[in-house]
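Chains as they are written, first to last, in our numbering: chain G, 1 to 479; chain U, 480 to 958.
C-beta atoms are modelled at their ideal positions from N, C-alpha and C, and glycine is treated no differently.
There are 2 protein chains.
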Amino acid sequence: MVGSVGNGSMDLREKEKVEPLPREFDPEEIVPPKPPLETEGAGGEEGSGKSREIVLGRNVHTMCFAIKEPEADDEVTGEREAYMASVLARYRRSLIDRTKHHLGYPYNLDFDYGALGQLQHFSINNLGDPFIESNYGVHSRQFEVGVLDWFARLWELEKNEYWGYITNCGTEGNLHGILVGREVFPDGILYASGESHYSIFKAARMYRMECLKVDTLASGEIDCTHFKASLLQNMERPAIVNVNIGTTVKGAVDDLDLVIKTLEENGFKDRFYIHCDGALFGLMMPFVKRAPKVTFKKPIGSVSVSGHKFVGCPMPCGVQITRLQHINVLSSNVEYLASRDATIMGSRNGHAPIFLWYTLNRKGYRGFQKEVQKCLRNAHYLKDRLKEAGISVMLNELSSTVVFERPEDEEFVRQWQLACEGNIAHVVVMPNVTIDKLDSFLNELLRHRSCWYQKGNISPPCIAADIGEENCCCALHKR
Amino acid sequence: MVGSVGNGSMDLREKEKVEPLPREFDPEEIVPPKPPLETEGAGGEEGSGKSREIVLGRNVHTMCFAIKEPEADDEVTGEREAYMASVLARYRRSLIDRTKHHLGYPYNLDFDYGALGQLQHFSINNLGDPFIESNYGVHSRQFEVGVLDWFARLWELEKNEYWGYITNCGTEGNLHGILVGREVFPDGILYASGESHYSIFKAARMYRMECLKVDTLASGEIDCTHFKASLLQNMERPAIVNVNIGTTVKGAVDDLDLVIKTLEENGFKDRFYIHCDGALFGLMMPFVKRAPKVTFKKPIGSVSVSGHKFVGCPMPCGVQITRLQHINVLSSNVEYLASRDATIMGSRNGHAPIFLWYTLNRKGYRGFQKEVQKCLRNAHYLKDRLKEAGISVMLNELSSTVVFERPEDEEFVRQWQLACEGNIAHVVVMPNVTIDKLDSFLNELLRHRSCWYQKGNISPPCIAADIGEENCCCALHKR
Numbered sequence: 001m002v003g004s005v006g007n008g009s010m011d012l013r014e015k016e017k018v019e020p021l022p023r024e025f026d027p028e029e030i031v032p033p034k035p036p037l038e039t040e041g042a043g044g045e046e047g048s049g050k051s052r053e054i055v056l057g058r059n060v061h062t063m064c065f066a067i068k069e070p071e072a073d074d075e076v077t078g079e080r081e082a083y084m085a086s087v088l089a090r091y092r093r094s095l096i097d098r099t100k101h102h103l104g105y106p107y108n109l110d111f112d113y114g115a116l117g118q119l120q121h122f123s124i125n126n127l128g129d130p131f132i133e134s135n136y137g138v139h140s141r142q143f144e145v146g147v148l149d150w151f152a153r154l155w156e157l158e159k160n161e162y163w164g165y166i167t168n169c170g171t172e173g174n175l176h177g178i179l180v181g182r183e184v185f186p187d188g189i190l191y192a193s194g195e196s197h198y199s200i201f202k203a204a205r206m207y208r209m210e211c212l213k214v215d216t217l218a219s220g221e222i223d224c225t226h227f228k229a230s231l232l233q234n235m236e237r238p239a240i241v242n243v244n245i246g247t248t249v250k251g252a253v254d255d256l257d258l259v260i261k262t263l264e265e266n267g268f269k270d271r272f273y274i275h276c277d278g279a280l281f282g283l284m285m286p287f288v289k290r291a292p293k294v295t296f297k298k299p300i301g302s303v304s305v306s307g308h309k310f311v312g313c314p315m316p317c318g319v320q321i322t323r324l325q326h327i328n329v330l331s332s333n334v335e336y337l338a339s340r341d342a343t344i345m346g347s348r349n350g351h352a353p354i355f356l357w358y359t360l361n362r363k364g365y366r367g368f369q370k371e372v373q374k375c376l377r378n379a380h381y382l383k384d385r386l387k388e389a390g391i392s393v394m395l396n397e398l399s400s401t402v403v404f405e406r407p408e409d410e411e412f413v414r415q416w417q418l419a420c421e422g423n424i425a426h427v428v429v430m431p432n433v434t435i436d437k438l439d440s441f442l443n444e445l446l447r448h449r450s451c452w453y454q455k456g457n458i459s460p461p462c463i464a465a466d467i468g469e470e471n472c473c474c475a476l477h478k479r
Numbered sequence: 480m481v482g483s484v485g486n487g488s489m490d491l492r493e494k495e496k497v498e499p500l501p502r503e504f505d506p507e508e509i510v511p512p513k514p515p516l517e518t519e520g521a522g523g524e525e526g527s528g529k530s531r532e533i534v535l536g537r538n539v540h541t542m543c544f545a546i547k548e549p550e551a552d553d554e555v556t557g558e559r560e561a562y563m564a565s566v567l568a569r570y571r572r573s574l575i576d577r578t579k580h581h582l583g584y585p586y587n588l589d590f591d592y593g594a595l596g597q598l599q600h601f602s603i604n605n606l607g608d609p610f611i612e613s614n615y616g617v618h619s620r621q622f623e624v625g626v627l628d629w630f631a632r633l634w635e636l637e638k639n640e641y642w643g644y645i646t647n648c649g650t651e652g653n654l655h656g657i658l659v660g661r662e663v664f665p666d667g668i669l670y671a672s673g674e675s676h677y678s679i680f681k682a683a684r685m686y687r688m689e690c691l692k693v694d695t696l697a698s699g700e701i702d703c704t705h706f707k708a709s710l711l712q713n714m715e716r717p718a719i720v721n722v723n724i725g726t727t728v729k730g731a732v733d734d735l736d737l738v739i740k741t742l743e744e745n746g747f748k749d750r751f752y753i754h755c756d757g758a759l760f761g762l763m764m765p766f767v768k769r770a771p772k773v774t775f776k777k778p779i780g781s782v783s784v785s786g787h788k789f790v791g792c793p794m795p796c797g798v799q800i801t802r803l804q805h806i807n808v809l810s811s812n813v814e815y816l817a818s819r820d821a822t823i824m825g826s827r828n829g830h831a832p833i834f835l836w837y838t839l840n841r842k843g844y845r846g847f848q849k850e851v852q853k854c855l856r857n858a859h860y861l862k863d864r865l866k867e868a869g870i871s872v873m874l875n876e877l878s879s880t881v882v883f884e885r886p887e888d889e890e891f892v893r894q895w896q897l898a899c900e901g902n903i904a905h906v907v908v909m910p911n912v913t914i915d916k917l918d919s920f921l922n923e924l925l926r927h928r929s930c931w932y933q934k935g936n937i938s939p940p941c942i943a944a945d946i947g948e949e950n951c952c953c954a955l956h957k958r
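Next comes the structure, spelled out in structure tokens:
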């Protein structure tokens, strides 16, 4: 029941303890007493030392907002309504605070969808394929296809040659892309760098595919020398390759052109399928000069991007674009359906396409270009300020992900919602991360840091292995 | 590019044509002219005869709301804002109409989440496992776990013995349940009745599992005689069984007790895993007397239910509950993560749990019980009225899905958003389907029907094969 397991959410934490609720929450005040017939969750003490053990059950059960059976007279007394309103008001306050102090996850929290509030009353569901209407009339396919057209044009695939849909998140896009690859090459081996998102490895396991992990360079990019060696050992089977357009931790962009060249020059011409995981930077790269261009004019099979990241959206979503010919391969095998069933999910959130449509329409390609430039500028600002302060830091050329030494104090990490892995932390500079916010973060970091390291019994960690010696400012590597 | 494919959305349509937009939409009026550089979608004529061909590309592309690059002076002229507001206002009007005329899909469209409108401004994301906190603070795990506790209690699994999460839809629940089954019995064969939801067969294909389709009775329930015969031919491999708690088309409830008995008496004791697909009735059955009880006190492995169906929710969602011990099996194998990665999706919609929490808290078990009773009463009312009018009709004892002859006119089918398969159509009586709405539907049906069949050159279809001779009122079977 109680296992020594880590954090399943972002693959980014190594040593953290169970995270307490933000202070605004005092569930004891508002959670009604537990009904006596229910048993306690699994045991274990919160915050007991530095152990990595995550305690299942009790942790979240003690802080959750239990659902209480209404009393017969609830409607008369109004107590129920008052209780719920109080929970929601407190929750909202905490959301405001948590939204303000947020730097680690690549979510653009800066959006105003007030105009769409009127649509929340409808149960909007784009069941199944976006291009095939269902009898269920409360859908938003008109918006969804508008959004898909926009992305297909961004990645240079003709309207009559693409297929795609709006997914629930980056993971669904990856699951779909890898599945299409497997259906095109049922015997293919999946190649993915060790810095790929964990959903790629999850896909391999779900789909019972053989998967080879490829080494990375210090930047986080796929190491094509090792990739070539792996290919040469498996000449007889086709290759399904995940290419990262922005890795989760270091924001590294795999060199798509080099990956294609490696495949073609080593006997894999017409025997490979490339899925581009652009969850993070898929929408930024097209606007960065010198970035390897993601385009269907190159022999790639699919691209996915998250909608709640750079665009910004109240709920997770994503866009998946692939070649229509691949979907025909996929659907032709679905005998049991006598129909095209090409999405992973059946019922699909119809609100997400409208949010995306709204933002894309307002900003346009030009608007995104401006925002990308701002993010890259601000990321450089953060990197320069950290470097000036003598803090180990790395920023990949094409990236807005600033990687630096993990702050000593977990409370500080939580306060700023930094994503950490081992000894490194990162800030992803999204459009809502302004210079003001960065300054306030930097000032706090420097103030705290002078306390952490003042006594000299601990010193900043060496992170040369993560970001290269030239970027490390630890006692050993600083010059 | 253009294939002879059917409708991928609900597995329910056999002969329909491409569906035009509801009349309120005249996209020509508001869609800006297409930029000249874009090509037309794939060809094909809408509404060309009775063929089942669904035309990909053009159909939705001509009606979609294209995203237009803003002009440089858009902010000054305000044209952009006006265009968008006009699209949204028209869309909203159509949603109101489509929501009013809706009978075929099991969605409760009757909800008022006005109190939650304030939360739409936040990007709420419950990344990964509900029981393990992430550093991303803008989440709603407190609500999610409250909802999960409620369902675990409904299905009689102790707090410290269950694991679950809020999914994006019924399909995700099924994908998860079947995956857990496969991980528990990697060599298992999947058994599912032919009336199972298509996501079950999709899972088998995704997961590379052998899947045997089991026959059904006329009611739509799994035929345990055939099930037994299939088992006996595969004694050497464990069984993973999908049990339908409400089939999609006929609303049939598989006899869980008989399925378990069949397994145990034929040498499969401790060698089977049962997933209960309760997408539709998972939340209704507990409140129906005489219904086979879905409970973890029986040897079942997982139960899933949809949240947007009986509960009602603006976007699709679902609840998945399984035994914690199975998740430990699942996670222990995830070496690459050094962490628990037990959900299918990574980023997860944090709004859905709050909607569910809100409704469950307001209604409670008692509230749902009342609504279930009302639905069953209204379903019987509809069935009786159809029968009185001499129309072939079937209503399973435990069900609120009324199956009857498919209306002759596709326009009428679309107007009422009926779900059809072959010669049958169905209405699923949800809490928002009142006697008034049924009366208005019945009156319209009878009026139209007298036109369709007045000349006598066509007559109502025989649907004895679908619903049994005793329920069929065709010329041959009526007495």
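Query                                                                                                                                                                                        : Result
If we ignore side chains and look at the alpha-carbon of each, how far apart do Ile435 (chain G) and Tyr381 (chain G) end up?                                                                : 8 Å
So, is Gly730 (chain U) buried or exposed, given that buried needs 16 or more other C-beta atoms within 10 angstroms?                                                                        : buried
With DSSP run on the structure shown, which of helix, strand or coil describes Thr171 (chain G)?                                                                                             : helix
Use the C-beta contact count for Ala944 (chain U): other C-beta atoms within 10 angstroms, 16 or more gives buried, fewer gives exposed.                                                     : exposed
Any beta carbon of chain U sitting closer than 8 Å to that of Ile124 (chain G)?                                                                                                              : yes
When you compare the CB of Gly520 (chain U) with every CB in chain G, is at least one pair closer than 8 Å?                                                                                  : Low confidence applies here, because Gly520 (chain U) scores a pLDDT of 34, under 50, leaving its location unreliable and the question unanswered by this model.
Out of G:Tyr365, G:Leu256, G:Phe111, G:Arg93, which has the shortest C-alpha to C-alpha gap to Ala551 (chain U)?                                                                             : G:Tyr365
What are the boundary residues of the alpha helix (DSSP H) that includes Leu480 (chain G)?                                                                                                   : Residue 480 (chain G) cannot be examined here, being either before or after the span of chain G that is shown, 1 to 479.
Just the Cα atoms here: how many angstroms apart are Cys930 (chain U) and Glu887 (chain U)?                                                                                                  : 10 Å
Taking 6 Å as the limit between beta carbons, can you name the residues of its chain near Phe227 (chain G), skipping five residues before and five after?                                    : Val214, Thr262
Spatial neighbours of Asn174 (chain G) within its chain, please: CB distance less than 8 Å, with the 5 preceding and 5 following residues excluded, ordered by chain position.               : His197, Ser199, Ile200, Ala203, Asn242, His275, Asp277, Ala279, Ser304
Can you list the residues of chain G that Asn828 (chain U) reaches, using a CB-CB cut of under 8 Å?                                                                                          : Asn168, Met315, Pro316, Asn349
Would you verify that the beta carbon of Trp634 (chain U) is, or is not, closer than 8 Å to some beta carbon of chain G?                                                                     : no
Can you name the residues that DSSP bridges to Met873 (chain U)?                                                                                                                             : U:Val882
Based on the DSSP secondary-structure assignment, which residues constitute the bridge partners of His956 (chain U)?                                                                         : For His956 (chain U), which the question treats as bridged, DSSP gives no partner whatsoever.
Please identify the residue among U:Asp591, U:His655, U:Gln852 whose C-alpha is closest to the C-alpha of Lys768 (chain U).                                                                  : U:Gln852
Can you grab the Cα-Cα spacing for the pair Tyr273 (chain G) / Asp254 (chain G), in whole Å?                                                                                                 : 16 Å
Considering Cα atoms alone, identify which of G:Arg406, G:Ala379, G:Gln415 is closest to Ser400 (chain G).                                                                                   : G:Ala379
I want to verify the contact list: residues of chain G whose CB lies under 8 Å from the CB of Lys664 (chain U), in sequence order.                                                           : Correcting the residue identity first, residue 664 (chain U) is Phe in this sequence and not Lys. The contacting residues do not exist; Phe664 (chain U) stays about 14 Å from chain G at best.
Check distances from the C-beta atoms of the stretch 187-203 of chain G to those of chain U and list, in chain order, the residues that come in under 8 Å.                                   : His197, Tyr198, Ser199, Phe201, Lys202
Does the beta-carbon distance from Arg92 (chain G) to Gln597 (chain U) come in below 8 Å?                                                                                                    : yes
How is Glu158 (chain G) classed by DSSP in three states: helix, strand or coil?                                                                                                              : coil
Please report the Cβ distance between Asn647 (chain U) and Met345 (chain G), rounded to the nearest whole angstrom; I am assuming they are in contact, meaning their Cβ atoms lie under 8 Å. : 6 Å
In its own chain, which residues sit with a C-beta less than 7 Å from the C-beta of Thr822 (chain U), not counting the 5 before and 5 after it?                                              : Gly607, Asp608, Tyr644
Measuring only the C-alpha atoms, how far is Ile719 (chain U) from Arg348 (chain G)?                                                                                                         : 27 Å
Please report the distance separating the alpha-carbon of Glu133 (chain G) from that of Asn125 (chain G).                                                                                    : 11 Å
Per the DSSP calculation, Asn721 (chain U) is bridged to which residue(s)?                                                                                                                   : U:His754
What does Ile482 (chain G) reach in chain U if we use C-beta pairs closer than 7 Å?                                                                                                          : An answer regarding residue 482 (chain G) cannot be provided, because it is not within the stretch 1 to 479 covered by chain G.
Give me the DSSP bridge partner(s) of Gly282 (chain G).                                                                                                                                      : DSSP lists no partner for Gly282 (chain G).
Short check: CB of Gly246 (chain G) to CB of Phe281 (chain G), under 8 Å?                                                                                                                    : yes
In terms of DSSP beta bridges, what is Ile604 (chain U) paired with?                                                                                                                         : As written in the sequence, residue 604 (chain U) is Asn, which differs from the Ile given in the question. Answer is U:Asn828.
Can you tell which of U:Phe891, U:Ile870, U:Thr578 has its C-alpha closest to the C-alpha of Pro884 (chain U)?                                                                               : Residue identity check: residue 884 (chain U) is Glu in the sequence provided, not Pro. Among U:Phe891, U:Ile870, U:Thr578, the Cα nearest to that of Glu884 (chain U) belongs to U:Ile870.
Any idea if Thr704 (chain U) is buried or exposed, counting beta-carbon neighbours within 10 angstroms, 16 or more meaning buried?                                                           : exposed
Express the C-alpha separation of Lys748 (chain U) and Arg819 (chain U) in angstroms, rounding to a whole number.                                                                            : 29 Å
I'd like the list of long-range same chain contacts for Phe122 (chain G), defined as Cβ closer than 7 Å, with 5 residues on each side in sequence excluded.                                  : Val138
Is the number of C-beta pairs between the stretch 575-590 of chain U and the stretch 904-911 of chain U that are closer than 8 Å three or more?                                              : yes
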